[in-house]
DNA sequence: CCTATAATGGACCTGTCGGTCCACTTTAGA
DNA sequence: TCTAAAGTGGACCGACAGGTCCATTATAGG
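Below, the structure written as structure tokens:
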């Protein structure tokens with residue numbers, strides 16, 4: 103599969119934008135808790151209260167809606183992590199970041215992995231456009247983490263000769279793998295261990 | 103969803119076992135290259151040369167077949183990694199393990215992630231039985247890696263006070279995350295970096 | 001050799017999926 | 001105030017999914 107047509111991003115009226123958002127939100131939530139394969143347009147209709155014609159009024163087809171869902175999850179996830187990494191102060195901040203993620207997964211009973219990670223796994227071999235989108239999302243995420251690392255370098259917490267981007271990629275990979283294993287085992291333990299290992303690796307570059 | 107009935111594992115005749123294996127192989131391959139959602143029984147029929155009645159002769163339903171696929175992939179993947187970790191000699195062996203994984207993904211053009219990882223991501227919120235199965239598979243995998251670490255401890259390469267299982271979990275998480283990111287980006291770079299970070303973390307416990 | 005069981009082919013059924021269509025109502029703004 | 005565009009409801013459709021059924025052919029073992 104490759105890219106299909108795309109509908110205009112923003113409906114002209116307030117009402118339209120609200121409806122469109124409700125649809126995307128409903129789809130995102132359903133997909134997060136069931137996986138892409140188990141969500142039909144009918145389910146999305148029911149949850150959002152939209153009618154069939156509304157779905158096709160705001161989106162060209164199911165893939166177009168899917169892309170909107172990716173966009174939304176990217177905004178959501180990156181937004182939450184941005185506030186951490188753009189003001190990364192010290193090692194304690196990083197530890198708090200780790201703890202917050204673990205606590206969040208625990209609060210969900212370890213149901214569902216990473217909103218972006220599971221989309222990536224489910225769409226990578228199905229829709230090249232979606233894969234590109236998700237690849238960009240991961241890249242931005244890495245950039246965010248790398249910014250935090252760079253800030254710690256500036257502050258003198260981390261050695262100046264490190265490759266901040268590579269470190270960031272390592273951290274994100276540990277997070278993704280940890281989330282997948284935690285979801286599968288329904289236990290936060292693998293996630294905790296994976297994140298601890300990632301942070302320990304970071305700390306090995308402490309000044 | 104929860105567990106359904108299961109067919110007897112081994113057909114009585116040689117012919118039957120062969121046909122059953124062909125079906126599972128075809129299903130495994132299709133699912134690996136397209137994802138679970140994009141594979142229908144019809145596709146599996148076509149690829150394996152089996153008829154509808156054969157599918158339902160050897161498997162209770164689609165989920166039963168899916169479970170057989172998981173079993174097969176577990177045997178396959180763990181088998182390949184077992185030969186490495188059950189004879190883990192030194193750091194060079196680990197490096198060769200890393201290189202082999204990277205080379206394998208590269209040879210596939212980074213299409214498809216981990217056969218077990220993508221099944222886990224796609225089935226965790228859909229079939230509890232499958233999730234348990236995959237959770238066990240990950241656990242065995244961790245056990246394998248931990249064995250290797252333990253062997254290096256015995257040889258005196260790694261400090262004796264480490265938690266081998268925790269280290270193994272960290273390594274597997276990095277592998278899973280790295281594979282997912284590599285699949286999404288269609289580049290082995292994230293995988294290389296993730297594995298290098300994991301091995302560096304291991305080496306930080308070198309004697 | 002004979003018979004019970006395994007293996008096979010494929011027509012067929014039913015539900016559901018993504019997607020189309022058209023008639024109707026609401027709303028913005030000239 | 002009038003009208004064009006936006007928004008909405010829902011009947012409808014063809015394709016295809018998973019799954020059932022039954023008739024037929026191979027085959028193993030007494």
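Chains as they are written, first to last, in my numbering: chain A, 103 to 309; chain B, 103 to 309.
C-beta: ideal position from N, C-alpha, C; glycine also.
- The beta strand (DSSP E) runs lying completely inside the stretch 136 to 175 of chain A and spanning 3 residues or more number zero.
- Counting only Cβ-Cβ distances below 9 Å, residue 254 of chain B has no contacts in chain A at all, with the closest Cβ about 17 Å away.
- Proximity of residue 177 of chain B to chain A, defined by a Cβ-Cβ separation below 8 Å, is not satisfied.
- Along the stretch 201 to 216 of chain B, going in chain order, the ones with a CB nearer than 8 Å to a CB of chain A are 213, 214, 215.
- DSSP places residue 275 of chain B within a helical segment (H, G or I) once states are collapsed to three.
- Within the model, the alpha-carbon separation for residue 277 of chain B versus residue 275 of chain A is close to 8 Å.
- Apart from sequence neighbours up to five positions away, the residues of its chain that approach residue 247 of chain B with a beta-carbon distance below 7 Å are 187, 270, 273, 274, ordered along the chain.
- Contact annotation, residue 285 of chain A with residue 215 of chain A: C-beta distance approximately 4 Å; criterion of less than 8 Å satisfied.
- DSSP, reduced to helix, strand and coil, places residue 308 of chain B within a strand of the structure shown.
- Interface annotation, residue 245 of chain A: not in contact with chain B, CB-CB separation never under 8 Å.
- Residue 260 of chain B has B:308 as its beta-bridge partners, per DSSP.
- With contacts defined as CB atoms closer than 8 Å, residue 207 of chain A and residue 293 of chain A qualify as a contacting pair.
- Listed in chain order, the non-local C-beta contacts of residue 191 of chain A below 6 Å within the same chain number zero, local neighbours out to five positions each way being set aside.
- For residue 218 of chain A, the enclosing alpha helix (DSSP H) starts and ends at 217 to 225.
- Judged by DSSP in its simplified three-state form, residue 178 of chain A adopts helix.
- In summary, the residues of the stretch 130 to 159 of chain A whose CB is separated from some CB of chain B by less than 8 Å are 135, 136, 137, 138, 139, 140, in the order they occur in the chain.
- Taking 8 Å as the cut-off, the Cβ atoms of residue 252 of chain B and residue 295 of chain A do not count as close.
- Of the other Cβ atoms in all chains shown, 16 or more fall within 10 Å of the Cβ of residue 152 of chain A; this residue is therefore buried.
- Closest by C-alpha distance to residue 297 of chain A, out of A:147, A:161, A:205, is A:205.
- With respect to the 8 Å criterion, residue 261 of chain B and residue 228 of chain B are not classified as neighbours on the basis of their beta carbons.
- A Cβ-Cβ separation of about 15 Å leaves residue 133 of chain B out of contact with residue 235 of chain B under the 8 Å criterion.
- For the stretch 276 to 288 of chain A, the set of residues with a beta-carbon nearer than 8 Å to any beta-carbon of chain B comprises 276, 277, 278, 279, 280, 282, 283, 285, 286, 287, 288, in chain order.
- Taking the CA atoms as reference points, residue 203 of chain B sits about 21 Å from residue 281 of chain A.
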